[in-house]
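Undergrad: Heads up: the sequence lines are chains W and V, in that order.
Sequential numbering of the first sequence, starting at 0, is according to numbering that gives the first Met the number 0.
Sequential numbering of the second sequence, starting at 0, is according to numbering that gives the first Met the number 0.
Where a beta carbon is used, it is the ideal one built from N, C-alpha and C, also for glycine.
Remember, predicted model here, so these are calculated numbers, not experimental data.
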Amino acid sequence: MAWRRHPWWYQNRSTIVGLGVLFAALVGAYVYSPQMTEAVLASTLRQSIPLVLGALCGLLGERSGVINIGIEGQMLLAAFVAFLMNVYTANLFLAVLSGIAVGALLGLLLAFLAVTLKVDQIIAGTIINIFAFGLTGYYYQVGLQTKGKLTPIAIPLLSELPLVGRVLFENPPITYATLLLIFIVHFVLFYTPWGLRTRAVGEHPRAADTLGINVYLVRYVNVVVGGMLAGLAGAFLTLEAVGTFERLMTNGRGFVALAVMIFGRWNPISAWGAAMLFGFATALQTQLQFMEIIHIPHQFIGMLPYGLTIAVLAGLRGRTRPPAAVGRPYEKE
Amino acid sequence: MRKWMILLTVLALALGLAACEKATPTPTEAPAMTEEAPKATEAPAMTEEAPKATEEPTEAAEEGEMPDCASPDVLCVGLVTDVGEIDDKSFNQSAWEGVLKAKEELGAYVDYIETKDPKDYEANIRLFAENGFDVIVTVGFALGEATQTMAKEFPEVYFIGVDQFQAWAVDDDTGNDLPNVAGLIFHEDRAGFLAGALAGMITKTNKIAGVLGTDLVPPVKAFGTGYINGAKYVNENVEAKVIYHPGGLDVAFTDPEWGAATARQLIDQGYDVIFGAGGKTGNGALIEVAEAAKAGKEVYCIGVDTDQWYTVPEARPCLVTSAMKLITPGVFDLIKMAKEGNFPAGNYYGGVGLAPFHDFEDAIPQEVKDKLEEIRKGLEAGEIPTGWPIEE
Numbered sequence: 000m001a002w003r004r005h006p007w008w009y010q011n012r013s014t015i016v017g018l019g020v021l022f023a024a025l026v027g028a029y030v031y032s033p034q035m036t037e038a039v040l041a042s043t044l045r046q047s048i049p050l051v052l053g054a055l056c057g058l059l060g061e062r063s064g065v066i067n068i069g070i071e072g073q074m075l076l077a078a079f080v081a082f083l084m085n086v087y088t089a090n091l092f093l094a095v096l097s098g099i100a101v102g103a104l105l106g107l108l109l110a111f112l113a114v115t116l117k118v119d120q121i122i123a124g125t126i127i128n129i130f131a132f133g134l135t136g137y138y139y140q141v142g143l144q145t146k147g148k149l150t151p152i153a154i155p156l157l158s159e160l161p162l163v164g165r166v167l168f169e170n171p172p173i174t175y176a177t178l179l180l181i182f183i184v185h186f187v188l189f190y191t192p193w194g195l196r197t198r199a200v201g202e203h204p205r206a207a208d209t210l211g212i213n214v215y216l217v218r219y220v221n222v223v224v225g226g227m228l229a230g231l232a233g234a235f236l237t238l239e240a241v242g243t244f245e246r247l248m249t250n251g252r253g254f255v256a257l258a259v260m261i262f263g264r265w266n267p268i269s270a271w272g273a274a275m276l277f278g279f280a281t282a283l284q285t286q287l288q289f290m291e292i293i294h295i296p297h298q299f300i301g302m303l304p305y306g307l308t309i310a311v312l313a314g315l316r317g318r319t320r321p322p323a324a325v326g327r328p329y330e331k332e
Numbered sequence: 000m001r002k003w004m005i006l007l008t009v010l011a012l013a014l015g016l017a018a019c020e021k022a023t024p025t026p027t028e029a030p031a032m033t034e035e036a037p038k039a040t041e042a043p044a045m046t047e048e049a050p051k052a053t054e055e056p057t058e059a060a061e062e063g064e065m066p067d068c069a070s071p072d073v074l075c076v077g078l079v080t081d082v083g084e085i086d087d088k089s090f091n092q093s094a095w096e097g098v099l100k101a102k103e104e105l106g107a108y109v110d111y112i113e114t115k116d117p118k119d120y121e122a123n124i125r126l127f128a129e130n131g132f133d134v135i136v137t138v139g140f141a142l143g144e145a146t147q148t149m150a151k152e153f154p155e156v157y158f159i160g161v162d163q164f165q166a167w168a169v170d171d172d173t174g175n176d177l178p179n180v181a182g183l184i185f186h187e188d189r190a191g192f193l194a195g196a197l198a199g200m201i202t203k204t205n206k207i208a209g210v211l212g213t214d215l216v217p218p219v220k221a222f223g224t225g226y227i228n229g230a231k232y233v234n235e236n237v238e239a240k241v242i243y244h245p246g247g248l249d250v251a252f253t254d255p256e257w258g259a260a261t262a263r264q265l266i267d268q269g270y271d272v273i274f275g276a277g278g279k280t281g282n283g284a285l286i287e288v289a290e291a292a293k294a295g296k297e298v299y300c301i302g303v304d305t306d307q308w309y310t311v312p313e314a315r316p317c318l319v320t321s322a323m324k325l326i327t328p329g330v331f332d333l334i335k336m337a338k339e340g341n342f343p344a345g346n347y348y349g350g351v352g353l354a355p356f357h358d359f360e361d362a363i364p365q366e367v368k369d370k371l372e373e374i375r376k377g378l379e380a381g382e383i384p385t386g387w388p389i390e391e
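1) For a minimum of 3 consecutive residues, which ranges assigned as the beta strand (DSSP E) are wholly contained in the stretch 185-242 of chain V?
2) So, does the stretch 349-364 of chain V touch the stretch 310-329 of chain V, judging by three or more C-beta pairs under 8 Å?
3) Among the residues of its own chain, which have a CB less than 7 Å from the CB of residue 25(V), if the five just before and after it don't count?
4) Going by DSSP in three states, residue 187(W) sits in which element: helix, strand or coil?
5) With a cut-off of 8 Å, does the C-beta of residue 242(W) fall near any C-beta of chain V?
6) Going by C-alpha distance, which of 280(V), 69(V), 101(V) and 292(V) is nearest residue 89(V)?
7) Assign residue 92(W) to buried or exposed, taking buried as 16 or more other Cβ atoms, counted over all protein chains shown, within 10 Å of its Cβ.
8) What residues from the stretch 249-265 of chain W come within 9 Å of chain V, judged by C-beta to C-beta, listed N to C?
9) From the DSSP output, in three-state form, read off residue 226(W) for me.
10) On the DSSP bridge assignment, give the partners of residue 321(V) in chain order.
11) Which residues mark the beginning and the end of the alpha helix (DSSP H) in which residue 337(V) is found?
12) Could you name the residues of the same chain whose beta carbon sits closer than 7 Å to that of residue 178(V), not counting the 5 residues immediately before and after it, in chain order?
13) Which word fits residue 244(V), buried or exposed, when buried means at least 16 other C-beta atoms lie within 10 angstroms of its C-beta?
14) Distance check for residue 342(V) and residue 96(V), CA to CA, integer angstroms please.
15) Any C-beta of chain W within less than 7 Å: which residues of the stretch 291-305 of chain V qualify?
16) Spell out whether any CB of chain W is found under 8 Å from the CB atom of residue 255(V).
17) What residue range is occupied by the uninterrupted alpha helix (DSSP H) comprising residue 19(W)?
18) Using 8 Å as the Cβ pair cut-off and three pairs as the minimum, do the stretch 2-11 of chain W and the stretch 234-250 of chain W touch?
19) Report yes or no: do three or more beta-carbon pairs, one from the stretch 48-58 of chain W and one from the stretch 257-266 of chain W, lie closer than 8 Å?
20) Taking only runs of the alpha helix (DSSP H) that begin and end inside the stretch 194-219 of chain W, which ones reach a length of at least 4 residues, in chain order?
21) Kindly list, in the order they appear in chain W, the residues whose Cβ is closer than 8 Å to that of residue 264(V).
22) Strictly under 8 Å for the Cβ-Cβ distance: is residue 386(V) near chain W by that measure?
23) How big is the Cα-Cα spacing for residue 29(V) and residue 110(V)?
24) Mapping DSSP to helix, strand and coil, what is residue 68(V)?
25) Would you identify the three-state DSSP class for residue 390(V), choosing helix, strand or coil?
26) Could you have a look at residue 152(W) and say whether DSSP puts it in helix, strand or coil?
27) Answer with buried or exposed for residue 246(W), where buried requires no fewer than 16 other C-beta atoms within 10 angstroms of its C-beta.
28) Whose C-alpha, out of 305(W), 304(W) and 112(W), is nearest the C-alpha of residue 127(W)?
29) Looking at chain V, is there any beta carbon in it that lies within less than 8 Å of the beta carbon of residue 297(W)?
30) Would you please verify whether the beta carbon of residue 303(W) is less than 8 Å from any beta carbon of chain V?
31) Measure the C-alpha to C-alpha separation of residue 56(V) and residue 283(V) and round it to an integer number of angstroms.
32) In angstroms with no decimal places, state the Cα-to-Cα distance between residue 306(V) and residue 354(V).
33) Using a Cβ-Cβ distance under 8 Å, would residue 267(V) count as near chain W?
34) Measuring CA to CA, which of 107(W), 81(W) and 124(W) is closest to residue 149(W)?
35) Quick one: any contact between the stretch 122-139 of chain W and the stretch 62-75 of chain W, if contact means 3 or more CB pairs under 8 Å?
36) For residue 170(W), name the three-state secondary structure that DSSP assigns.
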């Protein structure tokens with residue numbers, strides 16, 4: 000019997016069923032209480048933004064073969080510089096750009112250490128974290144006041160939609176940018192020659208090199224672009240979410256982003272789903288604590304996403320495999 | 000070649016950091032404690048006769064130079080922070096201000112150590128004790144155990160544990176109370192109760208909430224419980240809820256984005272007074288409410304511990320008041336008592352109260368203010384139950 004290709008909807012049946020159930024649940028919740036559903040969804044999206052940006056950063060690096068454990072540090076230093084830029088220039092656009100630039104610079108440092116110097120990549124990332132923790136902790140002065148933060152922009156008509164309108168179409172700019180970036184990164188990674196080269200370099204750099212792909216260049220570019228995304232996440236925290244800087248304010252989000260990346264199996268859109276799940280768990284635990292419906296310790300709900308990540312890693316959802324050449328420096332012959 | 004480049008990169012980073020060190024002035028004029036500091040060879044027995052000699056501020060205390068702390072004539076006060084900074088806009092800062100007041104009014108020589116890692120609590124306290132400091136202030140619930148251990152080891156030093164329950168500080172050998180430890184604690188439930196009463200009176204939607212640090216810390220839970228009961232005391236129709244950070248002690252107080260997102264989730268559901276209590280996490284909530292207020296929503300926020308009008312100026316558009324633990328006078332009073340030789344061992348209750356209303360002075364009706372004053376008196380006299388401790 001000849002192998003027959005199934006139609007796309009059959010191949011993706013579990014995803015489609017899952018999304019259908021999810022949508023039905025949302026509509027049900029919306030009918031029950033529009034205000035609560037919108038509040039929880041908005042909170043979910045908001046909390047997923049830094050996670051998905053961090054995951055995209057990690058994913059670009061690992062797809063090209065470089066582990067980035069320094070996302071936390073990249074976010075934190077970018078958040079800090081974006082904050083300072085906001086304080087001293089009062090120009091939000093410039094502040095966002097400076098955050099991205101800092102992320103790119105730290106990405107460049109990581110690439111230099113990991114690709115050119117072939118330092119152990121875990122150590123290289125850890126250096127970045129320690130560097131960022133120390134620098135921001137030392138230089139931060141209490142009393143600096145920000146000059147405003149990014150405010151939501153409502154998209155006409157779309158924001159009037161029930162259920163998703165206010166959640167998806169009345170957001171500040173970095174949130175919109177992130178939603179676009181997820182699809183852009185996905186497209187570039189899977190539908191362009193550059194993406195093919197990136198994946199080839201991450202799976203089998205020797206073969207890619209034989210075919211004339213510049214392994215070092217591909218890794219450099221991916222790690223630097225990843226750094227820019229982590230920088231954007233940092234800018235999100237200070238300019239859009241909190242509106243000010245605090246020491247260690249990333250609070251482990253850079254590391255959770257790595258879990259999100261693995262949960263999303265190194266795929267941007269799946270990673271977004273994973274980030275939404277993590278965000279939802281946080282919003283849900285707030286809501287449950289609040290409504291006093293179930294009396295289970297709130298720490299328990301808080302650990303739900305981590306438990307799921309372990310389950311995924313343990314092979315519950317099929318085989319999860321990182322890019323083959325991840326973490327291994329490439330030595331030209 | 001490669002080795003050289005690694006070396007160069009590391010050197011460049013190190014140089015960068017070294018440059019930072021030079022560029023910024025040190026936070027206080029207090030000198031770093033080096034070998035030059037006089038070693039405490041003999042314990043400075045702080046007995047009744049000591050205070051007379053210390054009435055005049057010594058010259059050394061005026062200057063940044065470290066005086067001979069081992070000498071009974073010199074009052075040296077050291078402060079060890081919890082993990083966090085001396086300028087944390089909250090606990091550490093308030094306690095340090097109390098110590099600074101002792102410098103001004105009692106002529107004490109003062110210095111502080113910022114703790115970077117919970118493992119260092121004892122080491123940091125020991126550093127002061129071994130340098131002959133007379134009074135050591137340790138800030139925060141988490142330092143309670145280290146403070147006790149050190150108090151046993153250095154019986155000649157007075158220890159003030161801010162926010163530490165020290166009633167059970169007992170000497171293992173003799174079974175007696177430790178006479179040199181005082182825990183400066185507060186009726187957080189009363190402060191929370193006052194905040195809740197105000198919230199219950201100014202809410203328009205009859206829905207008020209609190210965004211708090213972790214309930215693993217009893218004082219935080221006391222704030223929350225008092226807040227809910229205070230609101231219900233003045234307004235039986237009010238719906239009052241509090242949310243605790245789900246993380247552990249390591250993250251619960253340093254997560255402003257969680258506080259902000261949670262506050263937003265509450266505002267979106269019609270809660271119009273938000274009590275932010277939990278270090279930077281609470282501050283995040285306050286700033287988020289202020290954003291909503293700036294965008295035209297009629298929402299208010301209430302700060303905690305210190306008058307957050309000064310410590311979180313970003314929150315001013317919504318900040319009606321703060322539920323204050325009067326840490327600064329409490330620390331000062333205890334230092335003074337240590338100096339005068341009537342140090343109270345065990346727990347010592349400092350005062351609580353609401354901070355000034357600032358911009359909202361005119362917006363709050365006189366009858367609300369009168370009612371708050373009446374409740375404050377009732378609480379102080381112990382006539383109004385706050386519902387804390389929670390009876391299981």
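TA: Let me lay it out:
1) Here the runs fully enclosed are 206-211.
2) Because the criterion of three Cβ pairs below 8 Å is met, the stretch 349-364 of chain V and the stretch 310-329 of chain V touch.
3) Because residue 25(V) sits at a pLDDT of 35, beneath the cut-off of 50, its placement in the model cannot be relied upon, and the following sentence gives the value as read from the coordinates. For residue 25(V), same chain residues with a beta-carbon under 7 Å away, outside a window of 5 residues either side, do not exist.
4) Here DSSP, grouped into helix, strand and coil, assigns residue 187(W) to helix.
5) At least one beta carbon of chain V lies nearer than 8 Å to the beta carbon of residue 242(W).
6) In terms of Cα proximity to residue 89(V), the closest of 280(V), 69(V), 101(V) and 292(V) is 280(V).
7) The residue in question, residue 92(W), is exposed, as its Cβ has fewer than 16 Cβ neighbours within 10 Å.
8) Under the 9 Å Cβ criterion, the stretch 249-265 of chain W contributes 249, 250, 251 and 252.
9) In the structure shown, residue 226(W) sits in a helix (DSSP, three-state: H, G or I).
10) According to DSSP, residue 321(V) bridges with 302(V).
11) According to the DSSP assignment, residue 337(V) belongs to the alpha helix (DSSP H) that extends over 326-339.
12) Excluding sequence neighbours, residue 178(V) sits near 344.
13) Under this definition residue 244(V) is a buried residue.
14) Distance between the alpha carbons of residue 96(V) and residue 342(V): 20 Å.
15) Cβ contacts with chain W: none found.
16) Residue-level contact by beta carbon holds for residue 255(V) and chain W, with a gap shorter than 8 Å.
17) Unbroken alpha helix (DSSP H) run through residue 19(W): 12-31.
18) No, they do not touch.
19) Here the stretch 48-58 of chain W lies against the stretch 257-266 of chain W, with 3 or more beta-carbon pairs under 8 Å apart.
20) Uninterrupted alpha helix (DSSP H) stretches at least 4 residues long and entirely within the stretch 194-219 of chain W occur at 204-209, given in chain order.
21) For the C-beta of residue 264(V), the chain W residues within less than 8 Å are, from N- to C-terminus, 38, 39, 41, 42, 282, 285 and 286.
22) Among the residues facing chain W, residue 386(V) is not included, as its CB has no counterpart in that chain under 8 Å away.
23) Residue placement at residue 29(V) cannot be trusted, given a pLDDT of 38 that sits under 50; the coordinates are not used to answer.
24) The answer is coil: DSSP assigns residue 68(V) none of H, G, I, E or B.
25) Here residue 390(V) carries a coil assignment [DSSP, helix/strand/coil].
26) Strand at residue 152(W).
27) Classification of residue 246(W): buried, given that the 10 Å Cβ count is 16 or more.
28) Checking every option, the nearest Cα to that of residue 127(W) belongs to 112(W).
29) Yes - at least one Cβ of chain V is within 8 Å of the one on residue 297(W).
30) For residue 303(W), the answer is no, since every Cβ of chain V falls outside 8 Å of its Cβ.
31) Residue placement at residue 56(V) is flagged as unreliable, the pLDDT there being 36, under the threshold of 50; the coordinate-derived value follows with that caveat. The alpha-carbon atoms of residue 56(V) and residue 283(V) are separated by roughly 42 Å.
32) A direct Cα-to-Cα measurement between residue 306(V) and residue 354(V) gives close to 6 Å.
33) Closer than 8 Å: yes.
34) Checking every option, the nearest Cα to that of residue 149(W) belongs to 81(W).
35) In short, these stretches touch, since the Cβ pair count reaches three.
36) Correct three-state label for residue 170(W): strand.
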